[in-house]
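Have a look at the structure below before the remarks.
As structure tokens, this is what we get:
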């Protein structure tokens, strides 16, 4: 029974893994709680790093140094040992599953660690007693971690790799390629100076599912980016998630099982490759600065599988607005989440969309017209929203009129009898008293007038 209770307690406390303050409070309850929570906190200790307080983590790390090393450092007058801790009761680093070599390098650099101590610190993190699932390798990383005793066992179960392509040492890349073959997620950061050996690292995984390309050097890194992209065709049948920014690519058509696609571009690019692209299993489409015509064609070629569409930061005229809403209305009957610009001119298309998309639960509307008609929008929403839709967010551009109190009252009164609304505006003021009234009546469940997102903004 006590075993069952401990397992149940673990499942409950694991739900708090993103609530640092709550977990720290729970550590103090008793020994059992402490033993359960410490592994949760140390799964990814790097996410708790606060700028200016990195020494707190550094002091824990150097507490692992051997007594001989500590004595030698003290004899050399190393100041950073004054505040170090005694060797911890828990082997905290054993619980780590995220190995951020970039953060380790920063700690070493900040504290001016001499070479032999740097070796010992890397050995603390990489040995037979460690197992990591996430590995982050920074720009110009030059430490041969694959040669550390126990590295093969320590890194053999890596599922996610974030790798900066600006590494000059071929041996590091080749060595890691031999060890890391279980990667399911790859984040590749492209710099001005790149390395062709990285193609081996891209092609090595047996089942690559998620890919994110970050091109930090749009012009000079273009040739390498194309090489890396072409090497991804090795995983054409397994890639289900693909994210790329400022890089048009024709290899998308090879990802026949793609489910999530994220695209963006701040530069003049030819996105014509999307117009005849067919992704029959695509469920999630998130874009920034991508032409509407190309997106409309892509949406029409998805075999009605999309459940989330997020179209952001693209200016377009009213006929394009009508075109994209019409494409969504006719091609996305299973849609649950929609973020899109809406113009007065597209009223009839929006109404059809609400009627056709009966599973829609989140509607995020961006308004950019100086003459925007809020009464018209609210009438459409109250008249045609499906039963599932009750979460609304409105982003209002500057110079666009905010809804008046009378318009909001119209909306709320007409909504009476439907599911209580979750509502977010970015700059509507002085309506708290009115909202309190409608909350009391059960028409509005929650209102947020901040820029931050609600937790429910994605299915």
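Numbering (the working numbering), first residue to last: 195 to 653. The beta-carbon is built from N, C-alpha and C at its ideal position, and this holds for glycine as well.
Supposed close pair residue i, residue j - CB separation, criterion 8 angstroms
i           : j           : result
residue 557 : residue 530 : In fact, because the Cβ distance is near 10 angstroms, the residues do not count as touching under 8 angstroms.
residue 422 : residue 361 : Actually they do not touch by this definition, with Cβ atoms about 13 angstroms apart.
residue 658 : residue 291 : Residue 658 lies beyond the residue range present for the chain, which begins at 195 and ends at 653; the question has no answer from this structure.
residue 337 : residue 316 : 6 angstroms
residue 329 : residue 369 : Not quite, the Cβ-Cβ distance comes to about 13 angstroms (not below 8 angstroms), so this is no contact.
residue 501 : residue 528 : 5 angstroms
Short Cβ contact (8 angstroms threshold) for residue i with residue j
i           : j           : result
residue 426 : residue 392 : no
residue 402 : residue 450 : no
residue 519 : residue 540 : yes
residue 482 : residue 514 : no
residue 418 : residue 490 : no
residue 495 : residue 523 : no
residue 252 : residue 301 : yes
residue 331 : residue 356 : yes
residue 453 : residue 475 : yes
residue 578 : residue 626 : no
residue 654 : residue 628 : Since the first residue of the chain shown is 195 and the last is 653, residue 654 is not available in this structure.
residue 538 : residue 572 : no
residue 508 : residue 486 : yes
residue 339 : residue 381 : no
residue 289 : residue 237 : yes
residue 590 : residue 609 : no
residue 183 : residue 314 : This structure does not reach residue 183, given that the chain is present from 195 up to 653, and the question cannot be answered.
residue 564 : residue 593 : yes
residue 346 : residue 373 : yes
residue 366 : residue 324 : no
residue 263 : residue 206 : no
Neighbourhood of residue i by C-beta distance below 7 angstroms, restricted to the same chain and skipping five residues each side
i           : result
residue 344 : 320, 321 and 322
residue 480 : 456 and 504
residue 646 : Its pLDDT being 49, under 50, residue 646 is placed unreliably by the model, and the measurement read from it follows with that caveat. Contacts found: none.
residue 363 : 336
residue 411 : 384, 385 and 386
residue 599 : 625 and 628
residue 597 : 568 and 622
residue 595 : 566
residue 349 : 326, 329, 373 and 374
Sequence-distant residues of the same chain with beta carbon closer than 6 angstroms to residue i, five excluded per side
i           : result
residue 616 : 585, 639 and 640
residue 488 : 465, 468 and 469
residue 656 : Limits of the chain in this structure are 195 at one end and 653 at the other, which puts residue 656 out of reach.
residue 587 : 558 and 618
residue 406 : 381 and 437
residue 297 : 240
residue 265 : none
Beta-ladder partner(s) of residue i, from DSSP
i           : result
residue 407 : 382 and 438
residue 292 : 328
residue 163 : Because the chain in this structure spans residues 195 to 653, residue 163 falls outside the shown range and cannot be described.
residue 281 : Answer is none; residue 281 lacks a bridge partner.
residue 628 : Answer by DSSP bridge pairing: none, since residue 628 is not bridged.
residue 618 : 587 and 642
residue 506 : 482
8 angstroms Cβ shell around residue i - same chain, five flanking residues per side excluded
i           : result
residue 203 : 226, 227 and 230
residue 195 : Because residue 195 sits at a pLDDT of 39, beneath the cut-off of 50, its placement in the model cannot be relied upon, and the following sentence gives the value as read from the coordinates. If we look at residue 195 and ignore the five residues flanking it on each side, it has no Cβ neighbours.
residue 548 : 554, 574, 575, 578, 579, 580 and 583
residue 221 : 227, 228, 231, 232 and 235
residue 218 : 235
Cβ-heavy atom distance, residue i to the ligand ADP, below 7 angstroms
i           : result
residue 630 : Ligands displayed in this structure: none; no statement on the ligand ADP is therefore possible.
Which runs of the beta strand (DSSP E) fall wholly inside the segment 418 to 477 and span at least 3 residues, in chain order?
435 to 439 and 454 to 458
Mind pulling the alpha helix (DSSP H) runs of 4 or more residues that sit fully within the segment 589 to 614?
599 to 609
Suppose only complete runs of 3+ residues qualify. What are the beta strand (DSSP E) ranges in the segment 527 to 577, listed by chain order?
531 to 535 and 556 to 561
Hey, which unbroken runs of the beta strand (DSSP E) at 3 residues or more fall wholly within the segment 327 to 370?
The segment 327 to 370 contains these whole beta strand (DSSP E) runs: 328 to 331 and 354 to 358.
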